[in-house]
Amino acid sequence: FLGQGGRFIGLGFLVVVLLLPTLAMAQPGPQGVGKFGNFYEVLKEARTGSIDSQNQLAIMLATGHGAPKDPAAAAQWYEVTALRGSAEGQLNLGMLYLTGEGVGEDLTKAVKWIQDAALNGHAKAQNLIGYFYERGLGVNANPREAIEWYGRASVKGNFEAKGNLIRLGVPVPPTNIPE
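Residue numbers (our numbering): 5 to 183.
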């Protein structure tokens with residue numbers, strides 16, 4: 005990617021700017037207590053098959069919040085949840101493949117998992133797939149597809165997608181968030 009002045013901007017920079025908040029969702033309290041409890045409680049629940057706990061454990065391992073940072077272990081837990089149909093797990097696994105953190109960098113796998121999350125209705129993933137189509141990253145550039153994905157994310161209230169539609173001069177559809 006070329007930034008201002010024609011300088012190269014790598015995929016890592018793109019990930020940090022676009023989706024770092026996705027991987028930084030775990031906001032643990034004192035002594036590593038997160039939204040599901042401490043690391044050992046989360047691990048115990050994850051091992052029993054709780055998809056929410058499996059995702060929380062992966063987030064804790066990916067970010068180092070409330071657990072030792074271990075991107076490879078995070079990728080394994082994200083894959084467990086992704087294969088079970090968790091859009092959050094699919095997006096986060098795709099992000100690890102995009103950055104190469106904990107797994108080998110693989111744009112094809114990144115697009116596959118992020119697109120799965122988008123198809124499962126994840127608004128951040130829909131916005132990101134729109135960006136991939138707009139820029140031709142891992143997919144053939146297709147402005148119509150980009151606008152379609154931005155529109156899907158925008159309807160769900162994704163402000164970045166709304167901004168992308170405005171930037172492209174496309175009318176922003178009304179937000180449709182169920183009550």
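C-beta atoms are modelled at their ideal positions from N, C-alpha and C, and glycine is treated no differently.
For residue 85 and residue 44, the gap between their C-alpha atoms comes out near 19 Å. Spatial neighbours of residue 71 in its own chain (CB-CB distance under 6 Å, excluding positions within 5 residues in sequence) are listed in chain order as 43, 64 and 65. Scanning the stretch 116-141 for uninterrupted alpha helix (DSSP H) segments of 4 residues or longer gives 127-139, listed from N- to C-terminal end. Only residues of its own chain outside the window of five on either side were considered, and among them 55 and 59 have a CB closer than 7 Å to the CB of residue 90, listed in chain order. Annotated as proximal: residue 97 and residue 117, with beta-carbon spacing under 9 Å.
Boundaries of the alpha helix (DSSP H) harbouring residue 56: 55-67, taken from the DSSP string. Rounded to whole angstroms, the separation of the alpha carbons of residue 173 and residue 115 is 26 Å. For residue 128 and residue 92, the gap between their C-alpha atoms comes out near 10 Å. Around the beta carbon of residue 144, fewer than 16 other beta carbons sit within 10 angstroms, so the residue counts as exposed.
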